[in-house]
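Student: Numbering (my numbering), first residue to last: 31 to 314. For glycine and all other residues, C-beta sits at the position ideal for the given N, C-alpha and C. Mind having a look at this structure? Questions to follow.
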Ligand SMILES: NC(=O)c1ccc[n+]([C@@H]2O[C@H](COP(=O)([O-])OP(=O)(O)OC[C@H]3O[C@@H](n4cnc5c(N)ncnc54)[C@H](OP(=O)(O)O)[C@@H]3O)[C@@H](O)[C@H]2O)c1
């Protein structure tokens, strides 16, 4: 039995939904952990998943969900509560003797990272490591969905308005679907796995990204970004993270960073070359 959290999918990447889909297609027994018993849960049941409903931050939800599980996919959206959810999940997985937890982290998860969320991801990685549950941390680049949400919010203006300075500012990107493919590959592979897996599918300048999306890049002054972001996300935690994230990319600009570069993990573990932003846009 493989437990998949975030299985209903959501606005940020729907990684859990895609992982559940891959595993069910392969005929695996999947327990889908969802936050609400709605039409998305119903669809998972129709596909053959056992659905459990609960709150990942709540040990009384997580403990029974982990029972009888040998492998698990863990994801928690960019909002408050990551460390509560991680603590509950790691404790329950340790108690159950889970052999592998594949969890979604961020490209620069480190104690010195420049966004609070990335620093929390690093703490979450440590907690999973201490739990001894065969954790694999998927350190993923910015999801294409993230840029798509900003462009969608501009509506008829057909623009990608971000506080990134010049058109030449680089962004490490990835399709959330490719992150899910790598996760499914790791969950299905009985062999050993490295604890950290970097997942970047494309390096693009913000100008190139806007071109691929068929919109105009607009360099938004950082102070205007925060107000606009609150309208888009309506969550101060999300806005805080993204504001710091864009500031980092703006600072690096067209320069080099050791984490910049397409990774081989997508093709090697996910089984096909990385999706490009253009392909992602055309598929929607
Ligand atoms: N966005 C990016 O550019 C990016 C880049 C790199 C890494 N990441 C990482 O990717 C992760 C998010 O991706 P995602 O694909 O999982 O996001 P998502 O598509 O927004 O899905 C989140 C899922 O978690 C569920 N959920 C939310 N709160 C919950 C709770 N308290 N208990 C149980 N379930 C809960 C949601 O259910 P409901 O919809 O029913 O609430 C939803 O199904 C984060 O860890 C983020 O740091 C994101």
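1. Based on Cα-Cα distance, which residue from 163, 161, 133, 82 lies nearest to residue 151?
2. Give me the Cα-Cα distance between residue 181 and residue 245, rounded to the nearest whole angstrom.
3. In chain order, what residues of the same chain have a beta carbon less than 8 Å from the beta carbon of residue 268, not counting five sequence neighbours either side?
4. DSSP three-state label for residue 230, please.
5. So, does the segment 79-92 touch the segment 238-255, judging by three or more C-beta pairs under 8 Å?
6. With distances taken Cα to Cα, identify the nearest neighbour of residue 218 among 292, 101, 208, 229.
7. Are the CB atoms of residue 307 and residue 234 nearer to each other than 8 Å?
8. Does DSSP classify residue 42 as helix, strand or coil?
9. Is residue 193 near ligand 3, going by C-beta to nearest heavy atom under 7 Å?
10. Helix, strand or coil, according to DSSP, for residue 286 in the structure here?
11. Under 7 Å from any heavy atom of ligand 1, does the C-beta of residue 44 make it?
12. Have a look at 270, 142, 232, 280 and flag the residue whose alpha-carbon is nearest the alpha-carbon of residue 249.
13. Beta strand (DSSP E) containing residue 247: first to last residue?
14. Could you give the distance in angstroms between the alpha-carbon of residue 136 and the alpha-carbon of residue 147?
15. Identify, in the order they occur along the chain, each residue of the same chain with its Cβ nearer than 6 Å to the Cβ of residue 252, setting aside the five sequence neighbours on each side.
16. Nearest to residue 33 by alpha carbon, out of 63, 167, 255, 160?
17. Do residue 142 and ligand 1 come close, with the Cβ less than 7 Å from some heavy atom?
18. Output needed for residue 72: all residues of its chain with C-beta closer than 7 Å, excluding positions within five of it in sequence on either side, in chain order.
19. Drop a sphere of 10 angstroms on the beta-carbon of residue 77, count the other beta-carbons inside from all chains shown, and report buried for 16 or more, exposed for fewer.
20. Runs of 3 residues minimum, wholly inside the segment 163-228: which ones carry the beta strand (DSSP E) assignment?
21. I'd like the list of long-range same chain contacts for residue 122, defined as Cβ closer than 7 Å, with 5 residues on each side in sequence excluded.
22. Return the CA-CA distance between residue 167 and residue 160, expressed in angstroms with no decimal places.
23. Secondary structure at residue 101, three-state DSSP: helix, strand or coil?
Tutor: Let me spell this out:
1. Residue mapping note: residue 151 aligns to position 121 of the chain shown, counting from 1. Of 163, 161, 133, 82, the smallest CA-CA separation from residue 151 is found for 133.
2. Residue numbering aside, residue 181 sits at position 151 when the chain shown is read from its first letter. Residue numbering aside, residue 245 sits at position 215 when the chain shown is read from its first letter. Distance between residue 181 and residue 245, taken at the CA atoms: about 8 Å.
3. To locate residue 268, count along the chain shown from 1; it is residue 238. Within the same chain, residue 268 has close Cβ partners 108, 109, 259.
4. Taking the chain shown and counting its residues from 1, the one referred to as residue 230 is at position 200. Coil at residue 230, not helix or strand.
5. No contact exists between the segment 79-92 and the segment 238-255.
6. Counting from one through the chain shown, the residue named residue 218 turns up at place 188. Closest option to residue 218, Cα to Cα, is 101.
7. Position 277 of the chain shown, counted from the start, is the residue given in the question as residue 307. Position 204 of the chain shown, counted from the start, is the residue given in the question as residue 234. Residue 307 is a Cβ neighbour of residue 234, given a cutoff of 8 Å.
8. Position 12 of the chain shown, counted from the start, is the residue given in the question as residue 42. Coil, per DSSP.
9. Only ligand 1 can be found as ligands here, which leaves ligand 3 out of the picture.
10. Along the chain shown, read from residue 1 onward, the residue named residue 286 stands at position 256. Reduced to three states, the DSSP call for residue 286 is coil.
11. Along the chain shown, one-based indexing puts residue 44 at 14. Because some heavy atom of ligand 1 lies under 7 Å away, the Cβ of residue 44 counts as near it: yes.
12. Along the chain shown, one-based indexing puts residue 249 at 219. The shortest Cα separation from residue 249 among 270, 142, 232, 280 belongs to 280.
13. Along the chain shown, one-based indexing puts residue 247 at 217. For residue 247, the uninterrupted beta strand (DSSP E) run begins and ends at 246-249, by DSSP.
14. If you number the chain shown from 1, residue 136 lands on position 106. If you number the chain shown from 1, residue 147 lands on position 117. Going by the C-alpha atoms only, they are around 9 Å apart.
15. Residue numbering aside, residue 252 sits at position 222 when the chain shown is read from its first letter. For residue 252, the CB contacts under 6 Å within the same chain, skipping 5 residues up- and downstream, are 193 in chain order.
16. Looking up residue 33 in the chain shown gives position 3. Among 63, 167, 255, 160, the Cα nearest to that of residue 33 is on 63.
17. On the chain shown, position 112 is the one that residue 142 refers to. For ligand 1, not one heavy atom lies less than 7 Å from the Cβ of residue 142.
18. The residue you call residue 72 lines up with position 42 of the chain shown. If we look at residue 72 and ignore the five residues flanking it on each side, it has no Cβ neighbours.
19. The residue labelled residue 77 in the question sits at position 47 within the chain shown. Residue 77 is exposed by the Cβ-count criterion.
20. Taken in chain order, the complete beta strand (DSSP E) segments of 3 or more residues contained in the segment 163-228 are 165-170, 189-192, 200-204.
21. As a first step, residue 122 must be located in the chain shown, where it is residue number 92. These residues qualify, in order along the chain: 89, 92, 93, 96.
22. Residue mapping note: residue 167 aligns to position 137 of the chain shown, counting from 1. Residue mapping note: residue 160 aligns to position 130 of the chain shown, counting from 1. Roughly 13 Å between the two C-alpha positions.
23. Walking along the chain shown from the start, residue 101 turns up at place 71. Residue state, collapsed to three classes: strand.
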